[in-house]
Each structure stands twice: as C-alpha cells, then as structure tokens.
Amino acid sequence: MSMKTRNVPSNAGAKAVSLNGLDAAKMATTAPTIASVKNGKDGVPFNKHYHLQKSVPDWIVDIVIWLLLAIIVVIVIYPLWFILVASFSDQRLVSAGRVSVWPLGFTTAGYQRVFQDQRIWTGYWNTIVYSVLGTALNLVVTLPAAFALSRREVGKVRRVILFLFTFTMYFSGGLIPSYLLYKQLGLLNNMWVFILPGAVSVWNLIIARSFFETSIPEDMFDAAKLDGLSYGGYFMKIVIPLSSAIIAVIGLYYFVGHWNDYFTGLIYIRESGLEPLQNVLQSILLANQTNQLGTGAGGQSMLQQQQIADQIKYGVIIVSTLPLLIIYPFLQKYFDKGVMIGAVKG
Amino acid sequence: MVRRKKAAAAVVDSNGVIDNIAARRALPVWKRLGLHFGSYWELYLMLLPALCFIVLFAYVPMWGIQLAFREFVPSKGLSGGRWVGFQYFRQFFESPMFASTVWNTFKISIGTLVLGFIAPIFLALLINQIASVKFKGFIQTITYMPHFISTVVIVAMLNIFLTPGTGLLGRFFGKDNLMDNPNAIAPIYWLSEVWQHCGWNCIIYLAALSSVDVSLYEAAKIDGAGRLQLIRYVDLPTIMPTCVILLILNMGSVLNVGFEKVWLMQNAMNLPGSEVISTYTFKIGIQSFQFSYGTAIGLFNTFINFVFVVLANWISKRVSDTSIF
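Taken in sequence, the protein lines are chains L and S.
Reminder that position 306 of the first sequence reads as 305 in numbering that gives the first Met the number 0, one-by-one numbering, no gaps.
Reminder that position 310 of the second sequence reads as 309 in numbering that gives the first Met the number 0, one-by-one numbering, no gaps.
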C-alpha cells in the first residue's frame, strides 16, 4: 500500500495524496508511462507505481515505531484483559499462573456471587442516582454561567467574576473547614453531599466558556437579536443546539467524576445504605470484606476461601467499570475538541 | 424617553452627530446601572446559581481558615474560639511527622510530575507517526481507556498484580509484597499514574501536532531529512511551546498529591513511605477531631501550593508570555 511507503505523518495524509498526485502528473508528461496514471479519490491523477523513495534507516525507524506502539498497547490493555479473563476462569488455575490469554476452566461463579450481594446493588443504585442527578445539576448550573461569562458586553464585571471562579482552583479552605461547613448545613450522612457541593467545576466552566467564545460566531447573536431573541432565547434556541460537542465532553467529565467519587463517601457518609459504589468496592476489594458474599460458609479451607474472594474481586472490578468503558467510545469523537479547548484557553 | 433624549442632545458633536457613548456617560450613576441591568439582567440571572454555589462551597470554607489560628470550640463552628496565632503551625513544624510527610509528598509528586510530563510527549510523537487514521483511532481508544477507571479499582488491581508468588507482576519480586515496602510505594504510584493517564494526557500534544504545516515536512524531506529528523526538527519544535506551558503549570502542583490514591494504597507496613500531608490532615482532623490542628496542616499545604502556582505563573509570563492570571 502506498500509504505506508509515503513517509509523511498521518495528519499530512490527505494533502500528501494530492502532492504525490502532482508528482505523478509531472511524471506522466515527461515519461511515456501514461497508461498507469489513474485518478485518485480527489480526482487528482495518481500513479500508484510512483513512490517516494524510502531509505533503509527509515525502514528501521518504521519498524521500531510499530514495535514500540505494539508494546505500549499490550502494556495498557493486558492488565484489563487479564482481569476480564480471570473473572471467568477457575481460580486454582489463575493463582497457579496458568491463565494468560484465554479463560481456563470457564465459570461464572464470581458473577453469581456478585449479583447476589445486596451491598453491591445498593451501591450501584446509589451511584446511578448521584451521578445522574449530579450531572444534570452540573450542566444546568455550568452551561448558563459559562454562556454569561462568554459575553463581552458585561466587561469589567466579567473579569472580576471570572477571577472569583479561577481563584478557587488554586486556593481553597481545605478539608476541615469544608467538613465543618457541611456539618452545619446538615449535609453529613445526606445524599445531597454528593450533588450540591460539586455543582460547579471551574475547570469545566472555563472549557465551556472558551467553546462558546470561539466556536459560536458572533454574527449568530446579531442575527438572533435582530429577530427579537433575548439572551435567554438565544442561549436556549441557538447556543445549546450548536454545542452538543461541548455538552457531551463536560457531561462525561462530570459523570465520570461522580461515578468514580470515593472521597465524598469516605468522609461524609457513615450510613451504609447511602454509600456509593466506590465505597462498597473499597470494602470488598481492599478491606477484604468478602465474607458476606458467602465465603465464610463452613467446610472450606483458607485457600479455597481466598480463591473465592479473588473470583469475587475480579467480577466486581468488571461489573463496576463496565458502564463507563461502554459509554466512552461513543463520546470519544468529542474528546479531542473538548480537551483542546480547555488547553488553549486554560 | 424624553429625558434620555435631552441628555443625548447635550452631546451632539460639531458635525451634528449624536455621540451615544458620551450621552450615556453623562447620565447619573444609578441610571447607568439601571440601564446596564435593564439590558443584561438575563446574563446575571444565568450567572447567579453558579456564583451562589461557589461562594457557599468555596469561599465560606476559606473564611473558616481562621480556625488554623484559633482554638476550636464546637459551639462556634467555623469562626472558632480564642486566637492562638501560629501555635498549631509550630506544633506541626516541630512534630516528627513534619519532615516525613513533606518529604513523602514531595517524592511522590515530583516523580509523577517528571514521568507524567515525558511519557505523554513520547507517546504523542509515536502515535503521530501512524499513517492510517483507523489504526490511530484504535490506539487512541485503547490508551485513553484506563483514564476512566476509578482509583479504588486501580489500587485493587495493583494489589492483585503485586501479590507475591501468584500475581502477574508479584511473582517476579520474590516473597515480599511490594505494596508493603515503604520504598517501593512512590515508584508504584508514579508508574501506575503514567499507565492510567499517559494516553489521555497526550491528546493535547496530538492536537498541537495536527497543526504542523505539511509543507514543513515536504521542505525537510527535500533537504534530505529522514524519519527521525522529521520528528526531531519538525514535530518536537512544534509542540515545544505546549510542553513548556504544561510543565510550568504542573510545577504548581509540586506539593499536591491526590488524596484518594495514596489513602487507598496505604497499609500499616508501608506507612513510613506513604504518609503524605493530605492523608495526615485527614487522620488528624477528621479521624481524631483535632480540627484546628488539621486546618493548620491543610492550610500549610494549600499555601505552599499557591506559592508554587504564583511562581510558576510568573516564570511562565516571563518565558512564554502565557499566564493563568
């Protein structure tokens, strides 16, 4: 394939095709091999027999790059794959080190025990409630504020308020004063502690503001104003429909933040019925409290109990992580945009 | 309306054109404010909820910082009791935990900073070399993935893999569990951070690399540059400004270690190497109810971080003309 032999990095790909095509066209006028000239995708003549020369060192570099990337991909994916495989395998084989790429001694015993456990269901349900409500509030509060801060009309006030927001990114009261405040507000042992205090993430606010500033043409506002729209109408009817990319990105950031939040549950929640998934996970995975899952049943040796506990751990990891890993590829196309905006204007 | 016209009429310039701006300036302050809010009240209304949340949950705790300088009296809450000055700070500086917590915090964060800075650049340069769009997307999808895994699960995976004898990695390290080794905790932290966030953090460099002018590659190749030279003389200079800014900004978090991960990695054995300022604050303040002392330790940490941010910002302004405030 000529793509490979052209040693231009990929982002240059599209243009390189046409440049190559031009070379080919030049060749065609001087050389008699007119028959081999074809039109490329973009209609530019393209000679597939004509390549840029690739030297030996370039080949070596190429091979090294592919090798390195392959190693990196394996390093990243293998631990995850191993957990998945181990969760379906016979634990005796796993701890003997014989399970590597495919499940051995296929079993779903771990998952059965996981799904029987009431704590996990409660945690799961709590986390879903906190994440959905929390993300909804996050978006409802963040987006209008970001829009208001993106309007230049309010001039000096805007700068002051922006400073008020960004300052909190670098300076905070710290853990203890926050704890005492939440206590006074009655947020201890209260589900709203997961939702209210984190209602605005300044970082996401700034990302959204930069998006509104740079990606929505000012002419749009002038046109809307001429047609009689107020700021509210303009925001609801024009800005929001045009901002699906940024809503997806910061929505995902917020959602992942809520889903993976362990800190809040650790500090502010004492009642096990309110614990989110991550805190339940902590007690199962790290504090080794798997007994309630039936490992304590009589007649088993220590080793067997340990193996059942391991089986449960693998299952729990998969069950708790799966929802995010399923959502994220669908939103991936928006990431580059969102992260880049944040970076440019951060 | 009539009065506004009157005010306007006062500022007709020599050509007979009405100067609206001057007309507005001529109005009294309360009227100008009224006009301002009359036109922009919707914007302020949109801003209001976010502002309320920030004031309540960020600025009220800041007001509570005075607790670090006061004795804590439960009935008085955030504003505290008798003023004691720097007593709690002295207590912290003189305590045997001071040196070890600061050193552990510094060790864990500086390694994360350095590795977390180099690895994404390296990965971005590599990924940028792939010609096939599909394959590039595939590698990006794979390398972003760990970013979404929760800290609890990451630490659980570390425990599983490092189990001596049977774990995926643990079997290579003999009989002792690395997680129990105070000297191994920092490297484990660094490497797992890189594993988790490297792919995600390289997005920004990839974005910068996609802005390289293609003609630069062409010109370089005509001048006889090979593949490596293209990376060295075209790609690297392109992302250099981004690198510098990110490095300087990251410097601001030199004494800032995420609480969750260290807390979850801690056990009785590795505590000498894993007690950092934030976990110590938690133990002192929340677990043993020494609220004032805890606030003081927390404030010390926040203050050091803040100094670093301001310093980094100042350097950044000097070096690359970019600043955060």
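Think of the CB as a built atom: it goes at the ideal place given N, C-alpha and C, for glycine as much as any other residue.
Keep in mind that this is a model prediction, so the values were computed, not measured.
Distance from the CA of S/Tyr143 to the CA of S/Phe36, rounded to the nearest whole angstrom, comes to 45 Å. In the structure shown, S/Val113 adopts helical secondary structure according to DSSP, grouped into three states.
DSSP places S/Arg231 within a helical segment (H, G or I) once states are collapsed to three. Going by DSSP, S/Ile141 is part of the alpha helix (DSSP H) stretching over 132 to 143. In this structure, S/Asn300 lies near S/Ile276, with their beta-carbon atoms less than 9 Å apart. Inclusion of S/Ala57 and L/Ala144 in the CB contact set at 9 Å is not warranted, their separation being larger than that value.
With a cut-off of 8 Å on Cβ pairs, the segment 263 to 281 of chain S is in contact with the segment 167 to 183 of chain S, counting three or more such pairs. With respect to L/Leu204, L/Phe170 sits apart: the two C-beta atoms are not nearer than 9 Å. The Cβ of S/Pro145 sits closer than 9 Å to at least one Cβ of chain L. Beta-bridge analysis with DSSP links S/Arg69 to S/Trp82. Closest by C-alpha distance to L/Leu195, out of L/Gly133, L/Leu321, L/Val128, is L/Gly133. For a Cβ distance threshold of 8 Å, residue set Trp258, Asn259, Tyr261, Gln277, Leu280, Ser319, Thr320 of chain L lies close to S/Ser149, ordered along the chain. Proximity of S/Ile303 to chain L, defined by a Cβ-Cβ separation below 9 Å, is not satisfied. Non-local C-beta neighbours of S/Ala123 in its own chain, meaning closer than 6 Å and more than five positions away in sequence, comprise Cys201, Tyr204, Leu205, ordered along the chain. Of S/Phe68, S/Phe97, S/Met96, S/Thr104, the smallest CA-CA separation from S/Gly84 is found for S/Phe68.
Annotation: Cβ neighbours of L/Ile82 in chain S (cutoff 7 Å, chain order): Met156. If you look at S/Trp199, you'll find it in the alpha helix (DSSP H) that goes 184 to 200. In this structure, the alpha-carbon of S/Glu274 lies about 33 Å from that of L/Ile249. DSSP, read as helix, strand or coil, puts S/Ile17 in strand.
When the five nearest sequence neighbours on each side are left out, the beta carbons in the same chain lying within less than 6 Å of the beta carbon of S/Thr280 are those of Gly293, Ile296, Gly297, in order along the chain. In summary, S/Leu42 is buried, with 16 or more beta-carbon neighbours lying within 10 Å of its beta-carbon over all protein chains present. The beta carbon of S/Ser277 sits closer than 9 Å to some beta carbon of chain L.
Residues of chain S with a Cβ closer than 8 Å to the Cβ of L/Ser229 are, in chain order, Glu41.
By the neighbour-count criterion, in which 16 or more other beta carbons inside 10 Å mark a residue as buried, S/Leu44 falls on the exposed side.
By the C-beta criterion, the segment 205 to 225 of chain L is judged not to be in contact with the segment 305 to 314 of chain L, since fewer than 3 inter-stretch pairs fall below 8 Å. The straight-line gap separating the alpha-carbon atoms of L/Leu323 and L/Phe254 is approximately 9 Å. Within the segment 70 to 155 of chain L, the complete alpha helix (DSSP H) runs of at least 4 residues fall at 90 to 94, 108 to 115, 117 to 149.
Per DSSP, reduced to three states, the secondary structure at L/Val199 is coil, with no helix or strand assignment. The Cβ neighbour count for S/Thr140, taken over all protein chains shown within 10 Å, is under 16; the residue is labelled exposed. Taking a beta-carbon distance threshold of 9 Å, S/Asn300 counts as an interface residue toward chain L.
Neighbourhood of L/Lys312 in chain S, by CB distance below 8 Å: Ala155, Ile159, in chain order. The shortest C-alpha to C-alpha distance from S/Pro240 to any of S/Tyr216, S/Ala207, S/Lys220, S/Trp262 is the one to S/Ala207.
The DSSP-derived three-state label of S/Val11 is strand. When secondary structure is reduced to three states using DSSP, S/Thr165 falls in the coil class, being assigned neither helix nor strand. With a cutoff of 9 Å on beta-carbon distance, L/Ser177 and S/Gly63 are scored as near each other. The alpha carbon of S/Ser287 has as its nearest neighbour, out of L/Ile266, L/Gln281, L/Leu285, the alpha carbon of L/Ile266.
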